[in-house]
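Before any comments, here is the structure.
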Amino acid sequence: DVKVTQSSRYLVKRTGEKVFLECVQDMDHENMFWYRQDPGLGLRLIYFSYDVKMKEKGDIPEGYSVSREKKERFSLILESASTNQTSMYLCASSLSTGYTEAFFGQGTRLTVV
Amino acid sequence: AQSVTQPDIHITVSEGASLELRCNYSYGATPYLFWYVQSPGQGLQLLLKYFSGDTLVQGIKGFEAEFKRSQSSFNLRKPSVHWSDAAEYFCAVGANNRKLIWGLGTSLAVNP
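Taken in sequence, the protein lines are chains E and X. Numbering follows the working numbering, in which position 42 of the first sequence is assigned residue number 42; successive positions increment by one, without gaps. Numbers given in the working numbering equal positions in the second sequence, counted from 1, plus 113.
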């Protein structure tokens with residue numbers, strides 16, 4: 001079975017901290033995604049990676065960066081966490097080009113205090 | 114512009130009743146369409162997908178969806194809803210840049 005694993009289900013961090021959210025997929029997928037989910041706003045794409053060391057900004061990249069040093073791992077970094085980054089973060093992966101479906105992790109509920 | 118619209122933000126149905134969740138899309142090319150479900154506090158799970166062929170597609174958990182090109186719609190249906198179907202449902206279109214375009218979701222509540 002396809003599996004996408006996010007390192008934490010819940011995180012509480014302080015304002016100004018540097019925060020790392022980790023995501024690992026075991027399917028040899030090319031594409032990996034980080035989304036943010038807030039009530040009434042649906043899923044908003046933060047960053048997308050289509051290959052190792054390759055990344056592309058999504059709709060809301062401000063305040064975030066990403067790292068993909070290995071194909072199976074995609075990290076989201078909050079350089080200096082702020083309270084407005086309190087949210088549910090979802091990682092996903094998909095196979096390659098075209099229109100294949102995305103597979104999601106369980107999500108990380110991040111609270112910044 | 115490419116977009117997905119789910120007109121209903123919230124729907125409440127009684128257990129055992131039928132269900133239809135609406136999805137309309139705007140996309141220039143042949144659409145690749147998906148429905149996902151999200152239980153509270155969880156990630157998203159694929160219910161079904163349409164790539165080509167038969168316009169009525171079957172998915173998991175007893176769901177089906179019908180692609181209607183003339184109406185730019187891909188509505189999700191279930192003949193008899195169970196309490197465990199209470200969740201958030203998302204419609205998405207696969208774009209040619211490897212990404213998915215998402216609707217804002219429909220929250221389904223089921224009355225006993």
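Even for Gly, the Cβ is constructed at its ideal location relative to N, Cα and C. Because the structure is a prediction, the values reported are computed rather than measured.
Taking DSSP as the reference, what is the three-state secondary structure of residue i?
i                : result
Gly154 (chain X) : coil
Thr111 (chain E) : strand
Asn84 (chain E)  : helix
Gln171 (chain X) : strand
Gln115 (chain X) : coil
Ser96 (chain E)  : coil
Gln25 (chain E)  : strand
Ser8 (chain E)   : coil
Gln184 (chain X) : helix
Ser197 (chain X) : helix
Thr143 (chain X) : coil
Gln106 (chain E) : coil
Thr125 (chain X) : strand
Gly42 (chain E)  : strand
Quick one: what's got a C-beta closer than 7 Å to residue i's C-beta in the same chain, skipping five residues either side?
i                : result
His29 (chain E)  : Ser93, Ser94, Leu95
Trp196 (chain X) : Glu128, Val223, Pro225
Asn209 (chain X) : Ala142
Ser185 (chain X) : Asn137, Tyr138, Ser139
Thr125 (chain X) : Ala222, Asn224
Ile214 (chain X) : Gln115, Ser116, Val117, Ala205, Val206, Ala208
Glu17 (chain E)  : Ala81
Ala130 (chain X) : Val194
With a cut-off of 9 Å, does the C-beta of residue i fall near any C-beta of chain C?
i               : result
Gly42 (chain E) : Chain labels in this structure do not include chain C; the protein chains are E and X.
Between residue i and residue j, how many whole angstroms is the CB-CB distance? I'm expecting something under 8 Å.
i                : j                : result
Phe74 (chain E)  : Cys23 (chain E)  : 5 Å
Ala205 (chain X) : Gly218 (chain X) : No, Ala205 (chain X) and Gly218 (chain X) are not in contact; Cβ-Cβ is about 10 Å, not under 8 Å.
Ser67 (chain E)  : Glu79 (chain E)  : Actually they do not touch by this definition, with Cβ atoms about 12 Å apart.
Is it the case that the Cβ atoms of residue i and residue j are separated by a distance below 9 Å?
i                : j                : result
Asp198 (chain X) : Leu132 (chain X) : yes
Gly172 (chain X) : Lys162 (chain X) : yes
Ile77 (chain E)  : Leu43 (chain E)  : no
Val113 (chain E) : Thr15 (chain E)  : yes
Trp34 (chain E)  : Leu41 (chain E)  : no
Only counting the same chain, and skipping five residues up and downstream in sequence, which positions put a Cβ closer than 6 Å to that of residue i?
i                : result
Phe187 (chain X) : Cys136, Leu146, Ala178, Phe180
Lys71 (chain E)  : Val52
Val150 (chain X) : Gln158, Leu160, Ala200, Tyr202
Lys191 (chain X) : Leu132, Gly175, Phe176
Go through its chain and collect everything with a Cβ distance to residue i's Cβ below 8 Å, but skip five positions before and after it.
i               : result
Met88 (chain E) : Arg36, Gln37, Asp38, Gly107, Thr108, Arg109, Leu110
Inter-stretch contact at 8 Å, needing at least 3 Cβ pairs: the segment 176–185 of chain X / the segment 1–21 of chain E: no
Any 3 or more C-beta pairs closer than 8 Å across the segment 47–56 of chain E and the segment 98–108 of chain E: no
Three-pair Cβ contact test at 8 Å for the segment 117–127 of chain X versus the segment 55–62 of chain E: no
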